[in-house]
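Q: Before I ask anything, here is the structure I am working with.
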Amino acid sequence: MSVSVNNSVREQSAPITVAGAGVLGLWQALALARSGRRVRLIDRAPDPLSTSASSYGGAMLAPYCEAEAAPRLVFDHGLDGLAMWRDIYPGLVNNGTLVVAASRDRGDLDHFRRMTEHHATCDAAEIAKLEPDLGTRFPAGLYFADEAHMATPHALEFLLSSVRAAGVDVHFGTELGEFIGVIADEDGLLVDCRGIAARDQLSGLRAVRGERVIVRTGEILLHRPIRLLHPRHPIYIVPWGDERFMVGATVIESEDNGPISVRSMLELLGTAYALHPAFAEAEIVDAGAGLRPAFDDNVPRVLVSADTRVIKVNGAYRHGFLLAPVLANCVAGFLDGSTKTHPLIVATSDTAWPLRSAGEVI
Numbered sequence: 000m001s002v003s004v005n006n007s008v009r010e011q012s013a014p015i016t017v018a019g020a021g022v023l024g025l026w027q028a029l030a031l032a033r034s035g036r037r038v039r040l041i042d043r044a045p046d047p048l049s050t051s052a053s054s055y056g057g058a059m060l061a062p063y064c065e066a067e068a069a070p071r072l073v074f075d076h077g078l079d080g081l082a083m084w085r086d087i088y089p090g091l092v093n094n095g096t097l098v099v100a101a102s103r104d105r106g107d108l109d110h111f112r113r114m115t116e117h118h119a120t121c122d123a124a125e126i127a128k129l130e131p132d133l134g135t136r137f138p139a140g141l142y143f144a145d146e147a148h149m150a151t152p153h154a155l156e157f158l159l160s161s162v163r164a165a166g167v168d169v170h171f172g173t174e175l176g177e178f179i180g181v182i183a184d185e186d187g188l189l190v191d192c193r194g195i196a197a198r199d200q201l202s203g204l205r206a207v208r209g210e211r212v213i214v215r216t217g218e219i220l221l222h223r224p225i226r227l228l229h230p231r232h233p234i235y236i237v238p239w240g241d242e243r244f245m246v247g248a249t250v251i252e253s254e255d256n257g258p259i260s261v262r263s264m265l266e267l268l269g270t271a272y273a274l275h276p277a278f279a280e281a282e283i284v285d286a287g288a289g290l291r292p293a294f295d296d297n298v299p300r301v302l303v304s305a306d307t308r309v310i311k312v313n314g315a316y317r318h319g320f321l322l323a324p325v326l327a328n329c330v331a332g333f334l335d336g337s338t339k340t341h342p343l344i345v346a347t348s349d350t351a352w353p354l355r356s357a358g359e360v361i
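Printed below as a string of structure tokens:
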């Protein structure tokens with residue numbers, strides 16, 4: 000939808016407050032600061048890098064794999080997101096993705112092949128060359144060479160360090176309500192990236208629970224994320240280095256933000272064991288659950304208020320790391336007038352601030 004851009008002096012010089020320091024907010028703050036804006040980043044959590052929904056993400060940049068179920072829009076812009084991460088993050092591991100399935104689940108692999116592109120079909124010997132520790136356990140697989148991954152904590156720490164280096168004023172352990180009056184007094188702009196915490200101000204936003212487990216073992220070495228297809232319990236395992244592996248992730252339509260359930264833990268670890276028996280002796284380092292914000296179509300959006308003073312970036316679903324840089328460019332381009340229209344930018348009639356006083360709860 001086309002959104003008119005008011006290139007007034009106020010908009011060009013107004014300070015911008017980014018609320019939410021997950022992967023979306025960090026990318027927003029970084030892109031805006033590097034474009035010459037004065038930026039403030041706030042988050043209600045004292046340590047958002049370890050508590051945000053982003054901290055539970057797999058941090059796989061896999062637009063080709065995601066095309067199996069995601070809308071085409073995610074694939075098209077996901078390619079841009081992958082390129083932007085490659086430009087900025089030296090810790091990115093560009094080893095691709097390997098998708099495998101047991102013999103009895105060959106139909107799932109065939110379906111995945113039909114729904115995706117830019118992959119090579121592998122037999123057992125070729126899988127063993129890519130991942131020697133898997134050997135010939137799986138008769139066939141798909142290798143997506145042009146994908147990448149990263150260790151989630153390291154990537155978030157890199158973004159925060161880059162944000163600080165760009166001159167962003169960072170305030171953690173701070174409620175948005177504490178700054179509403181300040182933003183209004185300075186005639187500033189708000190970019191709201193608070194995820195599910197902004198649900199009361201965003202119609203149609205829902206919570207999708209995702210659970211994951213971090214394990215440590217020196218008994219197996221993997222060079223890239225492995226996706227094991229299964230009709231009931233598909234998983235991915237992402238090597239994080241230092242003998243750590245991220246095993247995820249459930250996708251549950253639930254607003255429960257509690258600890259990981261016994262059922263989910265058994266499903267994740269049981270399927271990891273099916274990938275390789277070495278995971279049976281792995282140490283469980285951490286386990287947890289987060290709530291992914293999502294709209295009905297599972298596509299994130301940049302929602303611009305009628306007066307252009309409030310921009311809401313939300314609905315990342317499973318695509319936060321992949322599309323965060325794209326969404327950041329959308330907002331920066333919209334504000335400087337270089338992006339007149341974009342499929343991810345939507346105009347809204349809302350002109351109200353998300354909160355009006357420090358006493359209101361986010």
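Numbering (numbering that gives the first Met the number 0), first residue to last: 0 to 361.
The C-beta atom is built at its ideal place from N, Cα and C for all residues, glycine as well.
Measuring only the C-alpha atoms, how far is GLY21 from TYR63?
A: For the purposes of this step, residue 21 is identified with residue 22 of the sequence shown, where counting begins at 1. For the purposes of this step, residue 63 is identified with residue 64 of the sequence shown, where counting begins at 1. The straight-line gap from Cα to Cα measures roughly 24 Å.
Q: Just the Cα atoms here: how many angstroms apart are SER1 and THR173?
A: Indexing the sequence shown from 1 puts residue 1 at position 2. Indexing the sequence shown from 1 puts residue 173 at position 174. Only weak support is given to the placement of SER1: the predicted model assigns it a pLDDT of 46, under 50, and the question is left unresolved by the model.
Q: Under 8 Å from any heavy atom of the ligand NAP, does the C-beta of SER260 make it?
A: Although the ligand NAP was asked about, the structure shown includes no ligands whatsoever.
Q: Is the stretch 203-220 touching the stretch 32-40 in the sense that three or more CB pairs, one from each, lie closer than 8 Å?
A: No: the two stretches stay apart, fewer than three of their Cβ pairs being nearer than 8 Å.
Q: Just tell me which of GLY287, ASP109, ASP132 and ILE213 has its CA closest to the CA of SER260.
A: As a working note, residue 260 is residue 261 in the sequence shown. It is GLY287 whose Cα lies nearest to the Cα of SER260.
Q: Under a Cβ-count criterion, where at least 16 other Cβ atoms within 10 Å of its own Cβ denotes burial, should HIS318 be classed as buried or exposed?
A: For the purposes of this step, residue 318 is identified with residue 319 of the sequence shown, where counting begins at 1. It counts as buried.
Q: Which stretch, first to last residue, makes up the beta strand (DSSP E) that contains PHE244?
A: In the sequence shown, counting from the first residue as 1, residue 244 sits at position 245. Note, PHE244: beta strand (DSSP E), 243-247.
Q: What are the start and end residues of the alpha helix (DSSP H) that includes ASN256?
A: For the purposes of this step, residue 256 is identified with residue 257 of the sequence shown, where counting begins at 1. Run containing ASN256: none; DSSP gives neither H nor E here.
Q: Just to confirm before moving on: does the CB-CB distance between LYS311 and THR340 stay below 9 Å?
A: For the purposes of this step, residue 311 is taken as residue 312 along the sequence shown, with counting starting at 1. For the purposes of this step, residue 340 is taken as residue 341 along the sequence shown, with counting starting at 1. Not a contact, by the Cβ cut-off of 9 Å.
Q: Reducing DSSP to helix, strand and coil, say where ASN328 ends up.
A: On the sequence shown, position 329 is the one that residue 328 refers to. Residue state, collapsed to three classes: helix.
Q: Would you say GLY19 and PRO45 are within 9 Å of each other, going by their C-beta atoms?
A: In the sequence shown, the residue the question calls residue 19 occupies position 20. In the sequence shown, the residue the question calls residue 45 occupies position 46. No, Cβ-Cβ distance for GLY19 and PRO45 is not below 9 Å.
Q: So, is ARG226 buried or exposed, given that buried needs 16 or more other C-beta atoms within 10 angstroms?
A: The residue given as residue 226 occupies position 227 in the sequence shown. It is buried - the Cβ of ARG226 has at least 16 other Cβ atoms within 10 Å.
Q: Which residues in the same chain as GLU218 place their Cβ atom closer than 6 Å to its Cβ, once the five residues preceding and following it in sequence are excluded?
A: The sequence position of residue 218 within the sequence shown is 219, counting from 1. The answer, listed in chain order, is ALA277.
Q: Below 7 Å CB to CB, which residues in the same chain sit around ASN366 once its five sequence neighbours on both sides are set aside?
A: In the structure as shown, the chain starts at 0 and stops at 361, and residue 366 therefore has no counterpart that could be examined.
Q: Considering only the alpha carbon of each residue, which of VAL17, LEU221, SER337 and PRO342 lies closest to LEU175?
A: Mapped onto the sequence shown, residue 175 falls at position 176. The residue with the shortest Cα to Cα distance from LEU175 is VAL17.
Q: How big is the Cα-Cα spacing for ALA61 and LEU221?
A: For the purposes of this step, residue 61 is taken as residue 62 along the sequence shown, with counting starting at 1. For the purposes of this step, residue 221 is taken as residue 222 along the sequence shown, with counting starting at 1. In a straight line, the C-alpha of ALA61 is about 17 Å away from that of LEU221.
Q: Considering TYR63, what are the terminal residues of the alpha helix (DSSP H) in which it resides?
A: Start at 1 with the first residue of the sequence shown, and residue 63 comes out as number 64. 62-65 is the extent of the alpha helix (DSSP H) around TYR63.
Q: Nearest by alpha-carbon distance to ALA273: which of ALA101, ARG71 and HIS117 is it?
A: Indexing the sequence shown from 1 puts residue 273 at position 274. Answer by Cα proximity: ALA101.
Q: Closest to LEU108 by C-alpha separation, out of SER337, ASP306, PRO230 and ALA248, would be which residue?
A: As a position in the sequence shown, residue 108 is number 109, starting the count at 1. The shortest C-alpha separation from LEU108 is found at PRO230.
Q: Under the DSSP definition of a beta bridge, which residues are partnered with PRO238?
A: Along the sequence shown, one-based indexing puts residue 238 at 239. In the DSSP output, where bridge partners are listed per residue, PRO238 has PHE244.
Q: Excluding five sequence neighbours on each side, which residues of the same chain lie with their C-beta closer than 7 Å to the C-beta of VAL366?
A: Since the displayed the chain opens at 0 and closes at 361, residue 366 lies outside it and no answer follows.
Q: How should ASN313 be labelled, buried or exposed, when 16 other C-beta atoms within 10 angstroms of its C-beta is the threshold for buried?
A: As a position in the sequence shown, residue 313 is number 314, starting the count at 1. Flag for ASN313 reads buried.
Q: Tell whether a beta-carbon distance below 9 Å holds between ARG215 and ARG243.
A: Along the sequence shown, read from residue 1 onward, the residue named residue 215 stands at position 216. Along the sequence shown, read from residue 1 onward, the residue named residue 243 stands at position 244. Their beta carbons are under 9 Å apart, which means ARG215 touches ARG243 by this criterion.
Q: What residue range is occupied by the uninterrupted beta strand (DSSP E) comprising HIS170?
A: Locating residue 170 in the sequence shown gives position 171, counting from the first residue. Looking at the DSSP string, the run of the beta strand (DSSP E) that includes HIS170 is 168-171.
Q: Return yes when the Cβ of ALA147 is within less than 9 Å of the Cβ of MET59, no when it is not.
A: Residue numbering aside, residue 59 sits at position 60 when the sequence shown is read from its first letter. Residue numbering aside, residue 147 sits at position 148 when the sequence shown is read from its first letter. Result yes, Cβ atoms of MET59 and ALA147 sit closer than 9 Å.
Q: Tell whether a beta-carbon distance below 9 Å holds between VAL167 and ALA32.
A: For the purposes of this step, residue 167 is taken as residue 168 along the sequence shown, with counting starting at 1. For the purposes of this step, residue 32 is taken as residue 33 along the sequence shown, with counting starting at 1. Cβ distance < 9 Å, so VAL167 and ALA32 count as in contact.
Q: Under the rule that 16 or more other beta-carbon atoms within 10 Å means buried, what is PRO131, buried or exposed?
A: As a working note, residue 131 is residue 132 in the sequence shown. Label assigned to PRO131: exposed.
Q: If I'm right that VAL301 touches VAL345 with Cβ under 8 Å, what's the distance once you round it to whole angstroms?
A: Reading the sequence shown from its first residue, position 302 is the one you call residue 301. Reading the sequence shown from its first residue, position 346 is the one you call residue 345. Their Cβ separation, rounded to whole angstroms, is 7 Å, which keeps VAL301 and VAL345 in contact under 8 Å.
Q: GLU116: which of GLY106, GLU254, ALA66 and ALA183 sits nearest, CA to CA?
A: Taking the sequence shown and counting its residues from 1, one reaches residue 116 at position 117. The shortest C-alpha separation from GLU116 is found at ALA66.
Q: Please state whether DSSP places THR16 in a helix, a strand or coil.
A: Residue mapping note: residue 16 aligns to position 17 of the sequence shown, counting from 1. In the structure shown, THR16 sits in a strand (DSSP, three-state: E or B).
Q: Tell me, to the nearest whole angstrom, how far the beta carbon of LEU343 is from that of HIS76; I am working on the premise that it is less than 8 Å.
A: Here residue 343 refers to the residue found at position 344 of the sequence shown. Here residue 76 refers to the residue found at position 77 of the sequence shown. Right, their Cβ atoms sit about 7 Å apart.
Q: Relative to the alpha-carbon of GLU185, which residue among LEU72, GLY57, ALA52 and ARG308 has its alpha-carbon at the smallest distance?
A: Within the sequence shown, numbered from 1, the residue matching residue 185 stands at position 186. Nearest option by C-alpha distance: ARG308.
Q: Find out if the Cβ-Cβ distance for the pair PRO324, MET83 is shorter than 9 Å.
A: Here residue 324 refers to the residue found at position 325 of the sequence shown. Here residue 83 refers to the residue found at position 84 of the sequence shown. Result yes, Cβ atoms of PRO324 and MET83 sit closer than 9 Å.
Q: May I have a chain-ordered list of the beta strand (DSSP E) segments no shorter than 3 residues that lie completely inside the stretch 45-121?
A: If we require 3 residues or more, the beta strand (DSSP E) runs fully inside the stretch 45-121 come out as 96-100.
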